[in-house]
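A.B. asks:
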Amino acid sequence: MLKSRKIIVALTIAASMMPSSALAKTTPSNEQNKAPNNIMENQKQDNKEYKKEKSEEKEEKTNNRLEEQDNLVEKADKIVPGVKAEWDKVVKERKELLDELKPLKKKHIEENKLETKENKLENKEEGKEKREDVKEKHKETREEKKAMWEELEKAVDSKDAEKVKSSFKKIINSMEKSNDRLKLKIKKLS
222 MLKSRKIIVA
232 LTIAASMMPS
242 SALAKTTPSN
252 EQNKAPNNIM
262 ENQKQDNKEY
272 KKEKSEEKEE
282 KTNNRLEEQD
292 NLVEKADKIV
302 PGVKAEWDKV
312 VKERKELLDE
322 LKPLKKKHIE
332 ENKLETKENK
342 LENKEEGKEK
352 REDVKEKHKE
362 TREEKKAMWE
372 ELEKAVDSKD
382 AEKVKSSFKK
392 IINSMEKSND
402 RLKLKIKKLS
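Counting from 222, one number per residue, gives the positions in the sequence shown under this note's numbering.
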């Protein structure tokens with residue numbers, strides 16, 4: 222009899238504990254609190270991964286383009302000696318400027334994150350127009366640079382030293398202007 226009483230008490234205690242622990246895990250308030258946080262965290266993680274992938278793709282594309290340009294400059298150097306040295310000098314300067322600019326841009330972005338939502342809303346339309354203008358200018362610049370590289374490629378294929386010199390000079394001038402813009406940007410952010 223004593224044993225059966227102990228078993229009954231143990232089963233009663235176990236039965237009374239089970240429903241409360243099961244309910245505690247599945248109460249609507251707990252589910253509501255956890256689900257949005259998990260969704261938001263997942264979205265943040267997905268967004269970080271997407272940005273990282275896009276950044277890697279962009280870097281790979283840039284490296285491929287630079288490799289193609291470097292090969293073309295090497296061919297041009299066989300026709301007009303000294304071209305490769307001038308190219309390497311300008312590219313090295315550009316890389317140094319970009320390396321100097323990266324931390325400044327990060328710092329600038331962090332400082333601007335402190336902007337209030339009201340300011341962001343007020344400037345939203347103005348910013349949209351500005352972004353569209355910048356996109357259009359970038360598109361025009363890319364097309365001009367593409368045309369310059371195509372001109373150099375044709376000059377190299379024809380092995381015309383004068384055309385190679387003039388085409389290459391246009392490219393170098395364009396890159397030097399880009400480097401000057403980077404210097405101004407660095408000065409502005411410093």
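C-beta atoms are modelled at their ideal positions from N, C-alpha and C, and glycine is treated no differently.
Here the structure is a predicted model, which is why all the values come from computation and not from measurement.
Count the CB pairs spanning the region 353-373 and the region 384-391 that are closer than 8 Å, and state whether there are at least three.
C.D. replies: Touching, per the Cβ criterion.
A.B. asks: When you compare each of Lys310, Lys316, Asp309 to Leu403 by their alpha carbons, which one comes out closest?
C.D. replies: The residue given as residue 403 occupies position 182 in the sequence shown. Checked all of Lys310, Lys316, Asp309; the closest Cα to Leu403 is Lys316.
A.B. asks: Across the region 319-330 and the region 352-369, are there enough close Cβ pairs to call them in contact, namely three or more that are closer than 8 Å?
C.D. replies: Because the criterion of three Cβ pairs below 8 Å is not met, the region 319-330 and the region 352-369 do not touch.
A.B. asks: Who are the near neighbours of Ala306 in its chain, counting only those whose CB is closer than 7 Å to its CB and skipping five residues on each side?
C.D. replies: Walking along the sequence shown from the start, residue 306 turns up at place 85. Once the five neighbours on either side are set aside, Ala306 has no close Cβ partner at all.
A.B. asks: Would you call the CB atoms of Glu314 and Asn400 closer than 8 Å?
C.D. replies: Looking up residue 314 in the sequence shown gives position 93. Looking up residue 400 in the sequence shown gives position 179. A contact, by the Cβ cut-off of 8 Å.
A.B. asks: Taking the alpha carbon of Asp381 as the reference point, which residue from Lys360, Asp309, Ile300, Asp267 has its own alpha carbon closest?
C.D. replies: Translated into positions along the sequence shown, residue 381 becomes position 160. Minimum Cα distance to Asp381 is reached at Ile300.
A.B. asks: Roughly how many whole angstroms lie between the Cα atoms of Lys409 and Glu274?
C.D. replies: Against the sequence shown, residue 409 aligns to sequence position 188. Against the sequence shown, residue 274 aligns to sequence position 53. If I take the Cα positions, the gap works out to 30 Å.
A.B. asks: First and last residue of the alpha helix (DSSP H) that includes Val385?
C.D. replies: The residue you call residue 385 lines up with position 164 of the sequence shown. Start and end: 382-410.
A.B. asks: By DSSP, does Val377 sit in helix, in strand, or in coil?
C.D. replies: The residue you call residue 377 lines up with position 156 of the sequence shown. It is helical.
A.B. asks: So Ile407 packs on Leu322, CB below 8 Å; how close in whole Å?
C.D. replies: One-based indexing of the sequence shown puts residue 407 at position 186. One-based indexing of the sequence shown puts residue 322 at position 101. Between Leu322 and Ile407 the Cβ distance is about 5 Å, and since that is below 8 Å, they are a contact.
A.B. asks: Give the C-beta separation of Glu397 and Val311 to the nearest angstrom, bearing in mind that I take them to be a contact with Cβ-Cβ under 8 Å.
C.D. replies: Against the sequence shown, residue 397 aligns to sequence position 176. Against the sequence shown, residue 311 aligns to sequence position 90. Confirmed, about 6 Å.
A.B. asks: May I have the straight-line CA-CA distance separating Val377 from Lys269, to the nearest angstrom?
C.D. replies: Position 156 of the sequence shown, counting from 1, holds the residue named residue 377. Position 48 of the sequence shown, counting from 1, holds the residue named residue 269. Distance between the alpha carbons of Val377 and Lys269: 43 Å.
A.B. asks: Of the choices Asp309, Glu278, Pro302, whose alpha-carbon is the least far from that of Glu383?
C.D. replies: The sequence position of residue 383 within the sequence shown is 162, counting from 1. That would be Pro302, whose Cα lies nearest to the Cα of Glu383.
A.B. asks: If you follow the alpha helix (DSSP H) that Pro324 is part of, which residue opens it and which one closes it?
C.D. replies: Indexing the sequence shown from 1 puts residue 324 at position 103. From DSSP, the alpha helix (DSSP H) with Pro324 extends over 304-333.
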